[in-house]
Each structure stands twice: as C-alpha cells, then as structure tokens.
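2 protein chains.
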Amino acid sequence: MSKLLKAYDRSRVPLYIQVASVLRTRIQSGQWAAGEKISTLEELEQEFEVARVTVRQAVDILREEGLLQARQGLGTFVSRKTQDRHWVKLATNWNSLIESLKGNVPRRLSIDYDSKPNLADSDGELASSYVKLRSVQYRNEDPYSVVNVHLAREVFDLKPDRFKNAAALVTIDEMREITLRNAHQMLVIGSADPEVADLLKIPIGAPTVEAHCVVIDDGGIAIYVGDIIYRSESIKLQIDLLGPQPVLPKRGRNGVKVDLPRRKSRRA
Amino acid sequence: MSKLLKAYDRSRVPLYIQVASVLRTRIQSGQWAAGEKISTLEELEQEFEVARVTVRQAVDILREEGLLQARQGLGTFVSRKTQDRHWVKLATNWNSLIESLKGNVPRRLSIDYDSKPNLADSDGELASSYVKLRSVQYRNEDPYSVVNVHLAREVFDLKPDRFKNAAALVTIDEMREITLRNAHQMLVIGSADPEVADLLKIPIGAPTVEAHCVVIDDGGIAIYVGDIIYRSESIKLQIDLLGPQPVLPKRGRNGVKVDLPRRKSRRA
DNA sequence: CTCAATTTGTTCGTATGTATG
DNA sequence: ACATACATACGAACAAATTGA
Numbered sequence: 071m072s073k074l075l076k077a078y079d080r081s082r083v084p085l086y087i088q089v090a091s092v093l094r095t096r097i098q099s100g101q102w103a104a105g106e107k108i109s110t111l112e113e114l115e116q117e118f119e120v121a122r123v124t125v126r127q128a129v130d131i132l133r134e135e136g137l138l139q140a141r142q143g144l145g146t147f148v149s150r151k152t153q154d155r156h157w158v159k160l161a162t163n164w165n166s167l168i169e170s171l172k173g174n175v176p177r178r179l180s181i182d183y184d185s186k187p188n189l190a191d192s193d194g195e196l197a198s199s200y201v202k203l204r205s206v207q208y209r210n211e212d213p214y215s216v217v218n219v220h221l222a223r224e225v226f227d228l229k230p231d232r233f234k235n236a237a238a239l240v241t242i243d244e245m246r247e248i249t250l251r252n253a254h255q256m257l258v259i260g261s262a263d264p265e266v267a268d269l270l271k272i273p274i275g276a277p278t279v280e281a282h283c284v285v286i287d288d289g290g291i292a293i294y295v296g297d298i299i300y301r302s303e304s305i306k307l308q309i310d311l312l313g314p315q316p317v318l319p320k321r322g323r324n325g326v327k328v329d330l331p332r333r334k335s336r337r338a
Numbered sequence: 071m072s073k074l075l076k077a078y079d080r081s082r083v084p085l086y087i088q089v090a091s092v093l094r095t096r097i098q099s100g101q102w103a104a105g106e107k108i109s110t111l112e113e114l115e116q117e118f119e120v121a122r123v124t125v126r127q128a129v130d131i132l133r134e135e136g137l138l139q140a141r142q143g144l145g146t147f148v149s150r151k152t153q154d155r156h157w158v159k160l161a162t163n164w165n166s167l168i169e170s171l172k173g174n175v176p177r178r179l180s181i182d183y184d185s186k187p188n189l190a191d192s193d194g195e196l197a198s199s200y201v202k203l204r205s206v207q208y209r210n211e212d213p214y215s216v217v218n219v220h221l222a223r224e225v226f227d228l229k230p231d232r233f234k235n236a237a238a239l240v241t242i243d244e245m246r247e248i249t250l251r252n253a254h255q256m257l258v259i260g261s262a263d264p265e266v267a268d269l270l271k272i273p274i275g276a277p278t279v280e281a282h283c284v285v286i287d288d289g290g291i292a293i294y295v296g297d298i299i300y301r302s303e304s305i306k307l308q309i310d311l312l313g314p315q316p317v318l319p320k321r322g323r324n325g326v327k328v329d330l331p332r333r334k335s336r337r338a
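Chains as they are written, first to last, in my numbering: chain G, 71 to 338; chain H, 71 to 338.
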C-alpha cells in the first residue's frame with residue numbers, strides 16, 4: 071500500500087487527480103521552473119508510491135492544460151509560458167474597498183423586496199425591512215464573485231435607481247445623509263454549491279472565500295449586509311499588522327462623516 | 071446529461087461526493103435545521119439530476135458522519151446534535167497575534183542553519199543568513215497549522231534556547247533590543263500537498279490558508295519570515311474596515327518600541 | 001383492519017473509470 | 001498493451017416500514 075493511501079482514504083479523490091494537483095502546485099509555485107526537466111516517471115512512481123500508469127494519467131492532465139510537455143526518450147519538461155495568475159486584492163479597509171469597487175460593473179441577477187439578512191452577534195440591529203440585491207462581479211469578462219446584498223429599505227428608497235445600477239457601498243459612501251458607526255467583514259473558507267459553481271465557472275465543491283460584510287449607521291442599524299462569495303483562486307489578502315492607518319474624518323470631503331472607532335473596550 | 075455533468079467534468083470529483091458536500095453545507099449552514107425532514111430521495115434525485123443510487127451514496131456518507139438519520143417509510147432527518155464548529159480567529163494586528171500565540175505550544179520538527187526565505191517586493195531586505203525553524207501548532211491535540219519560520223541569524227543568536235522552545239514572534243515581542251519598522255501578512259488560499267496533508271490530518275488537495283508573514287526591523291531587514299499553512303476549515307478572519315486602532319507606542323511597556331507606520335506613501 | 005400512498009432500503013444488470021502489476 | 005479487481009454511475013424493479021384515509 072502506498073504511503074498516500076491513508077491520505078487517499080481521507081480524500082476519496084482519484085489518486086491520479088491528487089498526483090496531478092501536487093505536480094501542478096510545484097509548477098505554479100516555481101519549485102519546478104519553466105523549461106526545466108521534471109523527475110522521470112520512475113522517480114515520480116517511487117516518490118508517490120503509485121503505479122506507473124497512474125503517474126502517466128496525472129502527467130497527461132497537465133499536458134492537456136499546457137503546463138507540461140513530454141518528449142519520448144528525453145523526459146518531461148515544464149512549458150515556457152507559465153503566465154502567473156493575476157490576483158484580486160481583497161480590501162481590508164473602507165477607502166480601498168470603495169476604491170476597488172468604483173470600477174466594477176455588477177451584473178444584476180435579481181431584486182427581492184421582501185427578505186431578511188442573517189446577522190451575527192456584533193452586526194447591529196435589524197432595520198424594519200430590506201431590499202435584497204443579487205449580482206455577479208466581473209473582471210475582464212471573468213466572474214470572480216457572487217454578491218448578495220441586503221440593503222435597508224429606507225436607504226434604498228433614497229436613491230433606488232442608483233442602487234439598482236452601481237455597487238451599493240459606493241453609493242452609500244457618496245451619500246451625505248448617512249453617517250457610519252461601524253463597518254466590518256468576516257471571512258471564512260467555504261465551498262461552491264451548484265449554483266455558485268455555475269455562476270463563477272468553478273467546479274462544485276471548489277474552495278471559495280465567503281465574506282460577510284456589515285455596515286452599521288450611527289443609529290446602530292445594519293443598513294448594509296453583504297454576503298459575498300469569491301472564487302478563492304485569485305484572491306490575495308494583504309494585512310498590515312502594525313496598525314493600518316485609521317480612516318480619518320477628513321475623508322468626509324466625500325460626504326461620509328465617519329465616527330472614529332472607540333479606543334477602549336477592544337481588549338477588555 | 072445531468073445539469074451537473076458539465077460541472078462534474080470541471081471537477082473530476084466523484085458525483086456522490088459532490089452531492090454529499092452540498093448537503094453537508096446545507097446542514098451546517100442551518101438551511102436545514104436540526105430535527106427537520108430533508109427532501110426525499112426522489113426530490114434530490116430530480117434536483118441534482120443524478121440516479122437514485124448516487125443520492126443514496128451521498129446520504130450514506132452523511133449518515134456515517136452522524137449528520138443525518140434515515141427512517142424507512144418516513145424520510146431522512148437532520149440529527150439533533152449539530153454542534154457548531156469551533157473557530158480559530160486569525161489575528162489581524164500585532165497585539166492580538168502575539169496574544170494568540172502565547173498559549174500555543176509548537177512541536178518542533180526541524181532546525182536548518184542554512185536556508186534562505188523567499189521575499190516578495192515589499193518584504194524588506196534579506197539578512198546575511200537565517201535559521202529555519204519548522205513546527206506544527208496544536209489546539210486541543212488537533213493540529214491546525216504548519217509553520218516554517220526563517221529567523222535572521224543575528225536575532226536567533228541573541229536567545230537561541232528561547233527561540234528553540236517558544237513561538238518566535240512572542241520572543242521577538244519580548245526583546246527590548248529590537249525595534250520594528252513594519253510587520254505584514256499576505257494571505258492566499260492554497261491546497262495541501264502530501265506532507266502538509268499528513269501533518270494537518272486533512273486530505274491531499276484540501277484547501278488551506280497560506281500566510282506569508284514578514285517582520286522588518288528599523289534597519290529595513292526582514293528579521294522574521296513566517297510561511298504558515300492553516301487548515302482552512304476552522305479559520306475565521308475578522309476585519310474592521312473603519313480603521314482598526316493603530317498599535318500605540320505605549321505598547322513599549324512590554325519591551326518593543328514600535329515605529330508608527332508612516333502616514334504617507336501608502337496610497338501613493 | 002385493510003388499503004393506498006409515500007418513502008427509504010435492496011438488488012440486478014450494464015457501462016465506464018480507476019489502479020495495480 | 002493486457003488481465004484483473006474494484007469503484008462509480010445509471011436505470012429500473014421490487015421489498016419493507018410508516019402514515020393516514
């Protein structure tokens with residue numbers, strides 16, 4: 071029994087697929103550079119402790135993907151053109167979040183006028199009613215996130231047309247009449263259900279990044295609740311550990327007067 | 071051809087596994103409450119457009135997991151005791167990071183005295199030499215992260231014994247003689263290679279959160295470079311969008327004099 | 001109590017995919 | 001390339017348990 075069979079039992083994914091993904095990672099991470107000759111079939115056979123045919127199946131997959139080229143009698147080589155992935159940087163503060171949304175064009179899927187969001191503990195209080203907006207975000211014709219937004223009805227009614235056609239947060243950011251008390255985001259790793267898989271063009275069960283984003287106004291009401299599902303492939307998160315700059319009130323030039331977070335309580 | 075077959079082609083994961091994970095998500099998300107009767111086999115058959123037996127295989131998996139209970143003639147029900155997962159909150163600032171590390175006991179795997187870390191663009195300059203520490207972090211006997219730390223040799227030599235036996239960042243935090251200029255973290259979603267899968271007790275290819283954490287001293291040298299791989303299951307990330315409090319210099323009571331990040335440049 | 005409707009449980013046959021040696 | 005074994009997936013038929021009319 072191969073060393074991997076214990077792990078194989080855990081995963082249930084066909085062995086040759088597993089081997090393929092390990093090899094793919096080695097190429098994409100640069101562990102095997104472009105043009106380089108990779109281990110021989112025999113070496114791989116021994117390393118993974120699987121049959122020769124199984125290794126071949128794995129290599130075949132990567133050949134179809136264009137990552138590998140095999141030449142009889144010579145060996146298997148990493149293709150030259152290994153274009154690196156283009157990353158989408160997830161925003162970790164209000165300003166960059168708004169900035170990143172400005173260019174985006176959401177494709178609206180549906181609007182539902184009678185729906186309530188799920189709130190966690192520190193997500194403020196429910197508004198009396200919400201409008202639910204569903205859309206998909208694209209970047210170069212490629213879908214990269216599914217967005218489910220619950221917008222407090224009173225806020226939506228202030229600029230219904232604008233909210234229907236632009237990113238909701240950008241619109242909120244522009245509205246002088248709204249003052250924010252808090253805005254936060256909770257991220258977890260999930261996996262794509264059939265519907266999301268279809269929208270994002272990824273396999274069912276593929277890992278996703280699920281963001282639960284809540285904006286609370288000065289009345290303590292959750293006026294915006296966004297549940298956003300990103301395809302995890304192209305997501306990067308940059309976090310400055312030593313105090314990212316606080317959002318300063320001067321930001322008000324754009325209309326939003328932001329309450330500074332309280333210095334206390336956080337570490338209580 | 072079933073609606074899912076196109077997606078199936080994308081994923082290559084056995085159909086019944088895919089169906090099982092969708093059902094599992096519905097239960098864990100509370101979409102199907104505890105005690106509730108779920109759709110009949112026939113309905114699921116139609117929804118997923120797969121054969122009866124395939125649905126049954128999926129249900130069987132969840133029964134073995136204890137999530138479902140089936141009763142002939144009656145239906146299939148969600149088990150009462152759906153204990154929710156216990157999350158590990160990833161730290162997003164220095165103080166909470168240090169705090170979260172203090173209790174932890176790393177199990178050292180190896181020490182390598184001749185190894186260089188991979189640095190990204192804004193990761194500062196390389197020190198002349200590094201010590202590489204490899205360990206696994208546990209929480210209640212369960213492994214949850216694999217840690218690969220490169221520590222500047224000069225820093226390591228100041229307290230070699232301490233660094234060998236405690237979390238490196240905590241030790242750095244305690245050292246008066248070190249002043250920090252910058253510390254940041256880059257997160258991406260990856261997948262487990264055989265070695266990591268074995269250490270974290272997860273299937274090969276299971277999604278992981280890869281953190282690239284860099285600490286730069288006042289000389290611009292990357293004195294600490296940690297590549298940490300978390301099992302993604304139990305990771306939560308909480309981000310305050312409206313200005314998380316900056317780490318104040320008063321923190322120096324603990325020995326570390328921290329340079330405030332510069333107000334400029336960031337948005338240049 | 002019996003009957004019918006509903007729903008899970010079981011089995012057969014067949015075709016294809018996966019993995020070994 | 002071949003022979004073997006087992007896993008995956010389909011469709012269909014039938015058996016067994018539960019409920020309510």
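Just so you know, even glycine gets a beta-carbon here, dropped at the ideal spot from N, CA and C.
Whose Cβ in chain G lies nearer than 7 Å to the Cβ of residue i?
{"i": "H:THR162", "result": "ILE309"}
{"i": "H:ASP263", "result": "VAL92, THR95"}
{"i": "H:GLN88", "result": "ILE274, GLY275"}
I'd like the list of long-range same chain contacts for residue i, defined as Cβ closer than 8 Å, with 5 residues on each side in sequence excluded.
{"i": "G:ASP263", "result": "ILE274"}
{"i": "H:VAL158", "result": "ARG209, TYR214, TYR300, SER304, ILE305, LYS306"}
{"i": "G:LEU228", "result": "MET245, GLU247"}
{"i": "H:ARG155", "result": "GLN98, GLU303, SER304"}
{"i": "G:LEU167", "result": "ALA161, LEU239"}
{"i": "H:ALA237", "result": "LEU171, LYS172, ASN174, PRO176"}
Does chain G have any CB closer than 8 Å to the CB of residue i?
{"i": "H:ASP297", "result": "no"}
{"i": "H:ARG133", "result": "no"}
{"i": "H:ILE108", "result": "no"}
{"i": "H:VAL317", "result": "In this prediction, H:VAL317 scores a pLDDT of 41, lower than 50, which makes its location untrustworthy; the coordinate-derived value is nonetheless stated afterwards. Yes - at least one Cβ of chain G is within 8 Å of the one on H:VAL317."}
Residues of chain G with a CB under 8 Å from the CB of residue i: which are they?
{"i": "H:PRO306", "result": "Note that residue 306 of chain H corresponds to Lys in the displayed sequence, not to Pro. By Cβ distance, chain G contributes MET256, LEU257, VAL258."}
{"i": "H:VAL279", "result": "ILE259"}
{"i": "H:SER302", "result": "ILE259, PRO277"}
Any beta carbon from chain H within less than 8 Å of residue i's own beta carbon?
{"i": "G:PRO176", "result": "no"}
{"i": "G:ALA253", "result": "yes"}
{"i": "G:PRO213", "result": "no"}
{"i": "G:LEU196", "result": "no"}
{"i": "G:ARG82", "result": "yes"}
{"i": "G:THR241", "result": "no"}
Using the beta-carbon of each residue, which ones in chain H are nearer than 9 Å to residue i?
{"i": "G:LEU167", "result": "LEU311"}
{"i": "G:LEU250", "result": "LEU312"}
Around the Cβ of residue i, are there at least 16 other Cβ atoms within 10 angstroms (buried) or fewer (exposed)?
{"i": "G:GLY116", "result": "Looking at the sequence itself, residue 116 of chain G is Gln, so the reference to Gly does not match. G:GLN116 comes out exposed."}
{"i": "G:THR278", "result": "buried"}
{"i": "H:TYR86", "result": "buried"}
{"i": "H:ASP288", "result": "exposed"}
{"i": "H:ALA197", "result": "buried"}
{"i": "G:TYR183", "result": "exposed"}
{"i": "G:ASN188", "result": "exposed"}
{"i": "G:SER101", "result": "Note on residue identity: the sequence assigns Gln, not Ser, to residue 101 of chain G. Exposed, because fewer than 16 other Cβ atoms sit within 10 Å of the Cβ of G:GLN101."}
{"i": "G:SER192", "result": "exposed"}
I'd like the list of long-range same chain contacts for residue i, defined as Cβ closer than 6 Å, with 5 residues on each side in sequence excluded.
{"i": "H:PHE226", "result": "VAL201, PHE233"}
{"i": "G:GLU195", "result": "GLY290, ILE291"}
{"i": "G:LEU114", "result": "VAL125"}
{"i": "G:GLU211", "result": "none"}
{"i": "G:GLN255", "result": "ALA281, CYS283"}
{"i": "H:GLN142", "result": "none"}
{"i": "H:ASN218", "result": "ARG204, ASP297"}
Less than 7 Å between C-beta atoms, sequence neighbours within five positions excluded: which residues of the same chain meet that for residue i?
{"i": "G:VAL258", "result": "GLU280"}
{"i": "H:GLN127", "result": "TYR86"}
{"i": "G:SER261", "result": "GLY275, ALA276, PRO277, THR278"}
{"i": "G:LYS271", "result": "PRO213"}
{"i": "G:VAL129", "result": "LEU138, ALA140, THR146"}
{"i": "G:ARG122", "result": "LEU111, GLU115"}
Kindly list, in the order they appear in chain H, the residues whose Cβ is closer than 7 Å to that of residue i.
{"i": "G:SER185", "result": "In chain order: nothing, as chain H lies at least about 14 Å away."}
- Are there three or more Cβ pairs, one per stretch, closer than 8 Å when the region 126-134 of chain G is compared with the region 164-178 of chain G? no
- Query: Any contact of the region 235-251 of chain H with the region 142-149 of chain H, i.e. 3+ C-beta pairs under 8 Å?
  - Reply: no
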